[in-house]
Structures are given as structure tokens and as C-alpha cells.
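Residue numbers (the numbering used here), protein chains in the order written: chain A, 1 to 298; chain B, 1001 to 1270. Presented below is the structure to which this report refers.
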């Protein structure tokens, strides 16, 4: 190696050393672990592909994938619509824009553990604020933390609360970067506000929207804290709030089943990769999608 | 008229967004009996300091505040130093393998955290770091995101002429980084600093795993334990929760404008 560049190599070394020790080695070792039966204390026992064979037929694992995807859809779609509305509002000439931006963004930096505890009280069946508000408008109390679907809605609500402001800020930046003359041209052509939004703004904003979708997918597949705090390690009644990462945590660190835990981690990795490929295809194929949308609109 | 409606809608949205914070303060200042009443209490009570006192008396809450501060501050300082040094190098120097190494750095983004979690725990046990704050700080001391993000910034912000001039003056590599690179990178350091501090403060899964059964826990783990121990005394849990988020909200508010602008700009570039 060229000694002349020694300072440069030293400068970048810390990251690579840390990554080798705490990244590369653990990932390789987890592949080995996934072929073992091990509780962390007694002797490791080689079981071949037994863990993966079990994983494929493990209903709890498939249930956790299903829950994660359901919660992702139930949170992402309303969140994007709300974010869009907030961004459009902030982009128009309103006052106190700076303060509003900060207010909407604040949930994103607040501890999930802390806010899960606060929301936990909101979701209380008898004395919760949420059921009280629902009662005001004549809706019967919802069993937020015991009914399987209500559990998923409750977790989704927390995710919506946390991420709406973040995505609104990003969509707002996208809106502000759009060229003004396009909107003037649309106005000259006699397009109304709704038409302008769906025909001009939305298509132009596509890359930014895709960024939001991709980011929410990355985050959504890692949902853990909300479920663990609200419902405990087993994800509540019928495991309705059991997410993939919570199932991993529970297996590995609550049940001390390290071998199977490693296999679950690889299972999650496969789901993440499949999801990323799906996202990537979505990004790669704009012309076809756009022409389809056009065709559908006419 | 339209503008008034938009403003009103945005204000209502903001109030709904901020309501959990308000209600947290309400619950932390009431007794549990007041909280569990129907209709719910929406106004402050006089028990805030009593509740907070109980949190600090029942568990080592002060210790966990100190632990969290130590972890967040030390991690942030290390990340700022190592990330900026690597970013400066990748942005401004061509050396054999630099492109390959940077590509490798980007590739590390795809490794999901839970793949490494069990062996990392095993590693910490081998190092004797289970229950030790080192287990949180050392693995997080440099990261690919910070290096990538700061390199983008450094490329445009540090003029080559400045580096040439420094070299002509006989300044070595580290001297150049320290006296030319760092000052120019200050705005980027401010953002990455707040970002790292917030993440370190709020981190939960890994501290929960590696600080298990120890007297040294961070605030997030302490909150979770408090919730488990005092399920029936919700006012005390809420008082602890309030204490846990206030420092972070203050840190955020100090740099909020700058921080939010950077989040938006980063997303548009990416």
C-alpha cells in the first residue's frame, strides 16, 4: 500500500473497522447461528436447515408479516393524504408558517416509548380520551387494546401522528421546488384548482411522493416499539399487534431462542428485500404507469 | 376567505398534533384517580412535583437521565469527529480504492439491524460490555449515513483552492482537515449533531437488549420499566414520561428551523 496516502486511509478507517466488527462479523455469524439450536448458555447444537423449515410453516411468523403489512398500509395511505393536505396548506400564503412547521414536525423527534405510554392512556377502554371524544359524537366505545382490528388501528394512528408532519415537510419542499410557469400555463388553459392538482401538481411531485413511500416502507417494516409498549412482548390478544421485529425480539431476547431468532432475522431480511424490489420497480417504470393513468382518466 | 379557512384548518391540525403533549402535562400534574375519571380531566392539577418526586424516589431515574446524557453526548461527539473526517477525505481526496471503498460504505445501508443483533449481543458478552454504556456508544461511533450525507455537503462547500493554499503553506492532511475542513462544515455538523443526539436519546430496542438486568439503563428503558412497575399509578408514569421528553424537545426547538430545512433538502436531493 502506498504510504503517501496513509493519512487518508487512517481518516476513513474508524467506520470500516467498526463496521467489520459490529456489522460484517455479526451478519456472517448470524447465518451460522440460524443453523443451530442455542439458548445462549448451553452448548450449541447444529440442526441444519431445521429452523428455516420450521419458519416456513410457523403461523406466528406469517401472522407477524401480515400484521406488519396491514399496519403499514393502514398508516401510510391516510398519512400521505394528510401530509399532502398539510403541505398544500403550508404552501399557500398562511401566517405563522415557521411555527406551524415546527408544531407538525415535533412528533417525529419525540421518543416513541414516551408517546406510546401517553397514547396508551388515550386508548384506555373506560377512561380513555379517545373513547370519550367518540362518545361525544355518538360512537360506542372501542376496545382499542383488546379487539384485534382496533389494535392495528391504534398502532396505525400512532404512526400517522408521528410521520404526517415529517412527510408534509418533504412534500412542501417538493411543492416549493416546482416551476411556477407550469401553474401559470394551467391557469391560462382554464384549469380549476382540482384539475391543476391532479393533472399538474401530483404528476410533477411523483419523485418526492415515491421518496415518502420508500421511506415509510423502510420504517414500516421495522415497527416494534409501539406494539411492545402498548401490548407487551406477545403483541396482545390473538397476537394482533405482533410485528415482524417484535416477533424477532420476543423469540431471541425474551425466550432466548437464539438459533431460531437468527432464522427469523433472515426471514425478515428476505421480506425487506422483496419489498425493496417492489419499490424499485415502482420507481423504474414511470412512463408505463403514467400512460395507464392517462388512459384511465380519458 | 379561502386563506382564512386554510389557516383555520392548519391551526386545528396543529392543535390535534400537539394535544398529546398537552394531555401528558395534564396527566403528570394530576393524581391517578383524577386521570381515571369520567369525563376525563383536561386541566392541570397541583401534583406535578409530588409525582416527579415519586418517580425519582422509586427508581434510579436520575441515574438513567445521566446515563442517557452520557450516551447521547459522547456518541454525538464521536460521530461528528469520525464522520466529518471520513466525509472530508472522501469528498476532497483521490486515493487508490477511494471509489470502491465509498461504494462499499453505501452498500452497508442494506444490512438490517436485527440481522446483526444476536451476534452483537454475544460479542458484547464476550467483551464484558453487557450492561455497560460502552455497548451503546462504541458501535454507534461512526455511521454510513453521516459520512454519505456530509460528503455531499463537503464536495460543494470546500473550494479546492483553499486546500491547495493550505498545502502550499506546508499544512499536513489532519491540519488541513482541522483548520479548513471543519470550519466550513459547521452548518452540516450542526444538523448531524442534533440528528445523532435525538436518535441516541430515543433509541430503545438495542439498549433494551444489551442493558438487560443492569442498574445502568437509559431513559427509554427506565420508562418502560416504570410502566411495568407502576401500572396502577399512571400519574407517576406520566410524570416520568414528561421528564424524559422535555430535554429533547428543548434541544429540538433550539435548532428546529435549521434542522427541518436540512431534512427537506436532504430528501429532495436523494
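Using N, Cα and C, we set each Cβ at its ideal position, and we do this for glycine too.
Considering only residues of the same chain and omitting the five flanking positions on each side of residue 22(A), which have a CB-CB separation below 7 Å?
none
Are residue 249(A) and residue 224(A) touching if we call contact CB-CB under 8 Å?
yes
When the Cβ atoms of the segment 208-220 of chain A are set against those of the segment 108-126 of chain A, are three or more pairs found closer than 8 Å?
Cβ pair count under 8 Å is below three, so no.
When you compare each of 1074(B), 1122(B), 1010(B), 1185(B) to residue 1149(B) by their alpha carbons, which one comes out closest?
If you compare the alpha carbons of 1074(B), 1122(B), 1010(B), 1185(B) with that of residue 1149(B), the shortest gap goes to 1185(B).
Check whether chain A comes within 8 Å of residue 983(B), counting only Cβ atoms and requiring the distance to be less than that.
What the structure shows of chain B is the stretch from 1001 to 1270, and residue 983(B) is not part of that stretch, so it cannot be assessed.
Supposed contact pair residue 1087(B) and residue 1165(B) - C-beta distance, whole angstroms, cut 8 Å:
Not a contact, Cβ separation roughly 21 Å.
Closer than 9 Å between beta carbons: that is the criterion. Which residues of the segment 1116-1142 of chain B meet it against chain A?
1116, 1117, 1118, 1119, 1120, 1121, 1122, 1123, 1125, 1138, 1139, 1140, 1141, 1142
For residue 160(A) versus residue 71(A), is the C-beta spacing smaller than 8 Å?
At least 8 Å separates the beta-carbon of residue 160(A) from that of residue 71(A).
At a Cβ threshold of 8 Å, is residue 115(A) touching chain B?
yes
Under 8 Å Cβ-Cβ, which residues of chain A neighbour residue 1246(B)?
Chain A residues near residue 1246(B): none, gap ~10 Å exceeds 8 Å.
Kindly confirm or deny that the segment 1249-1264 of chain B and the segment 106-115 of chain A touch, where touching means at least three C-beta pairs closer than 8 Å.
yes
One question on the structure: do residue 1230(B) and residue 1220(B) come within less than 8 Å of each other, judged by their Cβ atoms?
no
Any C-beta of chain B within less than 9 Å: which residues of the segment 98-112 of chain A qualify?
98, 99, 100, 101, 102, 103, 104, 105, 106, 107, 108, 109, 110, 111, 112
Determine whether the beta carbon atoms of residue 1099(B) and residue 1191(B) lie at a separation below 8 Å.
no
So residue 63(A) and residue 257(A) are supposed to be a Cβ contact under 8 Å. How far apart are they, rounded?
Going by Cβ atoms, the distance from residue 63(A) to residue 257(A) rounds to 17 Å, so no, they are not a contact pair.
Run down chain B in chain order and give the residues with a C-beta less than 9 Å from the C-beta of residue 33(A).
The answer, in chain order, is 1118, 1119, 1122.
Could you tell me whether the Cβ of residue 1095(B) comes closer than 8 Å to any Cβ of chain E?
The chain labelled as chain E is not found among the protein chains of the depicted structure, namely A and B.
With contact counted as at least three CB pairs below 8 Å, one residue from each stretch, are the segment 1225-1239 of chain B and the segment 143-153 of chain A in contact?
Touching, no.
Opposing strand residues paired with residue 46(A) [DSSP bridges]:
36(A)
With H, G and I counted as helix, E and B as strand and the rest as coil, what does DSSP make of residue 126(A)?
coil
Find out if the Cβ-Cβ distance for the pair residue 1027(B), residue 1016(B) is shorter than 8 Å.
no
Closest Cβ-Cβ distance between residue 1107(B) and chain A: below 8 Å?
Output row for residue 1107(B): interface = no.
Limits of the alpha helix (DSSP H) - the one that residue 238(A) falls within
It is not in any alpha helix (DSSP H) - residue 238(A) carries neither H nor E in the DSSP assignment.
What residue range does the alpha helix (DSSP H) around residue 228(A) cover?
225-231
Report, in whole angstroms, the separation of the C-beta atoms of residue 139(A) and residue 74(A), which I expect to be a contact under 8 Å.
Residue 139(A) to residue 74(A), Cβ: 18 Å. No contact.
In chain order, what residues of the same chain have a beta carbon less than 6 Å from the beta carbon of residue 151(A), not counting five sequence neighbours either side?
236, 240, 241
Could you please tell me which residues of the segment 171-185 of chain A, in chain order, have their CB closer than 8 Å to any CB of chain B?
172, 173, 174, 177
Coil, strand or helix - residue 17(A) by DSSP
helix
Nearest-angstrom Cβ-Cβ length linking residue 1121(B) and residue 1210(B), presumed shorter than 8 Å:
6 Å
Segment limits, alpha helix (DSSP H) that includes residue 81(A)
Bounds of the alpha helix (DSSP H) holding residue 81(A) are 59-91.
Ordered list of alpha helix (DSSP H) runs contained in the segment 1199-1251 of chain B, each at least 4 residues
Taken in chain order, the complete alpha helix (DSSP H) segments of 4 residues or longer contained in the segment 1199-1251 of chain B are 1205-1210, 1219-1229.
Does any C-beta atom of chain B lie closer than 8 Å to the C-beta of residue 62(A)?
no
At the 8 Å Cβ level, is residue 1027(B) part of the contact set with chain A, yes or no?
yes
Enclosing alpha helix (DSSP H) for residue 193(A) [first to last residue]
193-196
Kindly list, in the order they appear in chain A, the residues whose Cβ is closer than 7 Å to that of residue 1101(B).
12
Could you check whether the Cβ of residue 1198(B) sits closer than 8 Å to any Cβ belonging to chain A?
For residue 1198(B), the answer is yes, since a Cβ of chain A falls inside 8 Å of its Cβ.
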